[in-house]
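Convert by adding 22 to the 1-based position in the sequence shown; the result is the number in the working numbering.
Heads up, the beta-carbon is just placed ideally off N, CA and C, and yes, glycines get one too.
Quick caveat, the model's predicted, so the values are computed rather than measured.
Taking it in order: structure first as structure tokens, then the write-up.
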Amino acid sequence: MEASRAALPVSGVRQIAGDYFELTKPKVQLLLLLTTITTMYVAGDPSIALVAATVLGGFLSAGGAGAFNHWYDRDIDEAMPRTANRPIPAGRISSRAALIYAFGLQVASFVILAAAANVLAAFLALAGFVWYTLVYTVWLKRRSPQNIVIGGAAGAVPPLVGWAAVTGSVAPTALYLFAIIFYWTPPHFWALSLLMKSEYERVGVPMMPVVHGEKETRRQIVLYTLLLTLLTLLPFVFGFFGPLYAVVAVGLNAAFITLAIRLQRNADRASALRTYLFSLSYLAVLFVAMVVDAQLFS
23 MEASRAALPV SGVRQIAGDY FELTKPKVQL LLLLTTITTM YVAGDPSIAL
73 VAATVLGGFL SAGGAGAFNH WYDRDIDEAM PRTANRPIPA GRISSRAALI
123 YAFGLQVASF VILAAAANVL AAFLALAGFV WYTLVYTVWL KRRSPQNIVI
173 GGAAGAVPPL VGWAAVTGSV APTALYLFAI IFYWTPPHFW ALSLLMKSEY
223 ERVGVPMMPV VHGEKETRRQ IVLYTLLLTL LTLLPFVFGF FGPLYAVVAV
273 GLNAAFITLA IRLQRNADRA SALRTYLFSL SYLAVLFVAM VVDAQLFS
């Protein structure tokens with residue numbers, strides 16, 4: 023009996039800690055942090071301490087933005103079966119606590135980045151936080167099918183933060199990396215939105231498939247994948263990366279275009295899921311190839 027009583031507080035603490043961790047959207051952050059780390063090693067030869075501090079600062083900033091998104095979207099999360107058990111709609115964390123937590127994480131991020139890296143990196147992370155919370159979450163998500171196109175710029179900020187942390191500036195290469203993620207985001211997210219169209223429709227979120235239909239969404243995925251292909255080859259053309267990167271980029275883009283065209287032709291959920299899952303691997307492999315290329319040919 024005493025053992026069971028002692029276990030209850032421990033399980034309660036674990037539940038609370040898990041819920042607050044969930045507010046940071048850790049699964050979404052994995053890819054963001056990978057682009058931060060790889061960019062740092064493309065930019066130079068950072069110390070382990072600098073990489074760790076930058077990753078922590080980036081995690082806290084993105085986590086704060088995620089917590090704000092949980093807070094703001096608590097009404098629609100409650101209405102969708104997929105999200106109804108999230109900490110706020112389920113009543114495990116109060117909306118007030120979540121909002122305080124969101125801004126607290128961002129303040130901590132700014133302090134850590136400014137102290138361990140530089141003020142430019144701190145302000146860039148803050149800009150990503152503001153863009154995701156105010157531009158995407160508050161302004162665009164419930165108003166425009168272009169929400170993920172414009173609002174998605176927040177997810178392209180990590181390479182800028184990583185580059186600034188190492189060099190104290192933002193070079194043209196860093197801007198290219200920002201652009202690559204910016205153009206990668208729509209085909210990546212629209213493939214996912216095809217799978218969740220009914221849920222977005224139920225709560226009135228104007229994602230592309232809801233507003234313009236699935237056929238137009240699939241067409242847009244093909245168009246953005248073609249634009250992404252062109253954009254990812256430009257760093258090689260302009261000499262930012264070497265032949266290894268070029269070979270990997272060509273292979274990845276050929277596979278992405280193939281999947282996008284199949285999705286357009288087949289118009290089924292299986293094709294949408296394959297395209298979405300591949301897009302995750304696409305960005306990870308592309309950024310890792312940048313590091314390997316930079317280490318071998320720089």
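- Here the alpha carbons of Ile203 and Ala213 stand approximately 15 Å from one another.
- Taking a C-beta distance under 8 Å as the contact criterion, Ala120 and His92 qualify as a contact pair.
- The beta carbon of Trp153 is closer than 8 Å to those of Gly173, Ala175, Ala176, Val179 in its chain, skipping five residues each way along the sequence.
- With a beta-carbon spacing of about 15 Å, Phe309 and Thr76 fall beyond the 8 Å limit used to define contacts.
- Annotation: the continuous alpha helix (DSSP H) that includes Trp185 extends over 180-189.
- Around the beta carbon of Ile110, 16 or more other beta carbons sit within 10 angstroms, so the residue counts as buried.
- Relative to Tyr222, the option among Ile38, Asp99, Ala316, Pro68 whose CA is nearest is Asp99.
- Its Cα nearest to that of Val313, the residue Trp185 stands out among Trp185, Thr239, His234.
- Here Arg165 really is in contact with Pro228; their C-beta atoms are around 7 Å apart, less than 8 Å.
- Annotation: the stretch 106-137 contains no complete segment of the alpha helix (DSSP H) (minimum length 4 residues).
- For the pair of segments examined, the stretch 246-259 was found not to touch the stretch 123-130: the number of CB pairs separated by less than 8 Å stays below three.
- Look at Thr46 here: in three-state DSSP terms it is coil, with no helix or strand label.
- In this structure, the CA atom of His210 is about 14 Å from the CA atom of Leu274.
- The alpha-carbon of Asn169 is positioned some 24 Å away from that of Ala196.
- Three or more beta-carbon pairs separated by less than 8 Å are not found between the stretch 281-299 and the stretch 30-40, which leaves the two stretches without contact.
- A straight-line Cα-Cα distance of about 27 Å links Ala311 and Gln242.
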